[in-house]
Amino acid sequence: MLEVVYFTSVVLCVLGSDAPCLNDGGTCQYDHLPCPGGYVSGLCSGASNRRCCQSSGSDAPCLNTGGTCQYDHLSCPGGYVSGLCSGASNRRCCQGDDSACLDEGGTCQDDSLSCSGEYVSGLCSGASNRRCCIEDSACRARDGTCQDDSLSCPGEYLSGLCSGASNRRCCIGADSGMCSNVKVYSRATWGARDPTSVSAISTPVDLFFIHHTTGSRCYDFSTCAAKVRNTQNYHMNTKGWSDIGYSFLVGEDGAVYEGRGWNNVGAHTSGYNSQSFAAAVMGNFMTTKPNTAALNAVKNLIQCGVNLGHITSTYRLYGHRDVSTSSCPGDALYNEIKTWPDYSTAAP
Ligand SMILES: [Zn+2]
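Mind the numbering: the sequence shown is residues -16 to -1, 1 to 332 in mature numbering (1 follows the signal peptide of the UniProt record, and there is no 0), read in order.
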């Protein structure tokens, strides 16, 4: 019996390890000795009164980064950082590998903190409540970028994929040059009312119509946005339409204001609404044509539609008056677009 006990002690002595204590920056010693940092049980080999004297320093700075304090000769895939661990100078903070989260554009943090996107598990090192806050994950999933939609977007803006304010939208289509030269103000930005109904348009379309709104011209965002809102009210309240009629409106501030946009059938050119998009330049252009900024915005908008695949590359351009008895888009603007290469004299 004695022999068995003796044998067991020897085995403990040989196999027992102080590593759990040492790895915490502590020192194994008999607990009658002074220890300013306090003793912790269960981390030392040997007798039960041989316990781990905690370093008076703290490992919290390391642990808070998701790291682990250990001696720096040990393998550490995430790399070591000095100055975050208690104990010996070669006891350093092995950084957790957060690359899976970082690669998703996220940030590893304690998930009790607010995250304007959503938390995703399994991408962060450290404690289980240290999770990856991915802002705008729905937009990122489509390779988009969330930004204020008054900024130019090389592709197009999509709603509902970004956190934050409603005019913070997902810019899709980063292929450079596709639409980088046209500024499109979203409905949220100009203050649109919701449509009472929408009907998806089948694209690409072959036809593009130019209109003018008549009435006053506008040269800055606030005046143009107010004019777009008035036009929407007129179309919905007086004409009883489901929404503003035009696909897009264009101001002499050189910007485009999203009407029904690229996704929906408009109400602009009777008989052709489901086969075309239309842009209305704001103002009356019977005697003078729009300024260069507005004309360039129209041209760039159409090219953007072609680049995005909403309009065929062999599309035909018309003025509203080509298919109606209206004087729209005004003599001066009509004469202008007739000089554009894609204007067609063939009946649509
Ligand atoms: Zn018209």
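Virtual Cβ for every residue (Gly too), placed ideally from N, Cα, C.
Any non-hydrogen atom of ligand 1 within 7 Å of residue i CB
i	result
Pro332	no
Pro313	yes
Ser260	no
Ser231	no
Ser150	no
His219	no
Ser310	yes
His294	no
Status (buried if at least 16 other CB within 10 Å, exposed otherwise) for residue i
i	result
residue 333	The chain is shown from -16 up to 332; residue 333 falls before or after that span and cannot be answered.
Asn291	buried
Lys223	exposed
Trp324	exposed
Ala176	buried
Asn151	buried
Ala278	buried
Ser297	exposed
Tyr230	buried
Tyr14	exposed
Asp87	exposed
Asn33	exposed
Ser160	Below a pLDDT of 50, predicted positions are generally treated as unreliable, and Ser160, at 36, falls in that range; no measurement from the model is reported.
Gly106	exposed
Ala251	buried
Ala330	exposed
Asn268	buried
Ala239	buried
Thr121	Checking the sequence, you will find Ser at residue 121 rather than Thr. When all chains shown are included, Ser121 counts as buried.
Ala158	Confidence is the limiting factor: at Ala158 the pLDDT is only 46, short of 50, which leaves the residue's position unreliable and the question unanswerable from this model.
Leu317	buried
Gly110	buried
Pro18	exposed
Asp178	exposed
Thr52	buried
Gly245	buried
Residue i - containing alpha helix (DSSP H), residue span
i	result
Cys60	Note, Cys60: premise wrong, no alpha helix (DSSP H); not H, not E.
Ile228	First-last for Ile228: undefined, no H or E at that position.
Val290	276 to 291
Gln216	205 to 217
Ile321	315 to 321
Leu5	Before going further, note that residue 5 is Cys rather than Leu in the sequence given. Counting along the chain, the alpha helix (DSSP H) containing Cys5 begins and ends at 3 to 7.
Leu135	Segment: none, Leu135 is in no alpha helix (DSSP H) and carries neither H nor E.
Asp190	From DSSP, Asp190 is part of no alpha helix (DSSP H) but of the beta strand (DSSP E) over 189 to 196.
Delimiting residues of the beta strand (DSSP E) encompassing residue i
i	result
Thr91	91 to 94
Ser260	260 to 265
Phe269	Premise fails: Phe269 is in no beta strand (DSSP E) and is neither H nor E.
Gly303	295 to 303
Ile118	114 to 118
Asp132	129 to 132
Thr11	11 to 14
Thr52	52 to 55
Cys152	Checking the displayed sequence, the identity of residue 152 turns out to be Arg instead of Cys. Residues 152 to 156.
Cys36	34 to 37
Test: residue i CB closer than 8 Å to a CB of chain D
i	result
Gln131	Of the protein chains in this structure there is only one, and it is not chain D.
Distance CB(residue i)-CB(residue j) smaller than 8 Å
i	j	result
Gly50	Arg114	yes
Cys37	Gly10	yes
Cys92	Asp82	yes
Val249	Ser183	yes
Ser170	Tyr203	no
Gly255	Thr187	no
Trp174	Val234	no
Gly144	Ile118	no
Ala262	Phe193	yes
Val189	Ser260	yes
Glu320	Lys283	no
residue 334	Thr198	Nothing about residue 334 can be read from this structure; the chain reaches only from -16 to 332.
Ser326	Leu285	Reading off the sequence, residue 326 comes out as Asp, not Ser. No, the Cβ-Cβ distance between Asp326 and Leu285 is not below 8 Å.
Tyr64	Cys77	yes
Pro313	His195	yes
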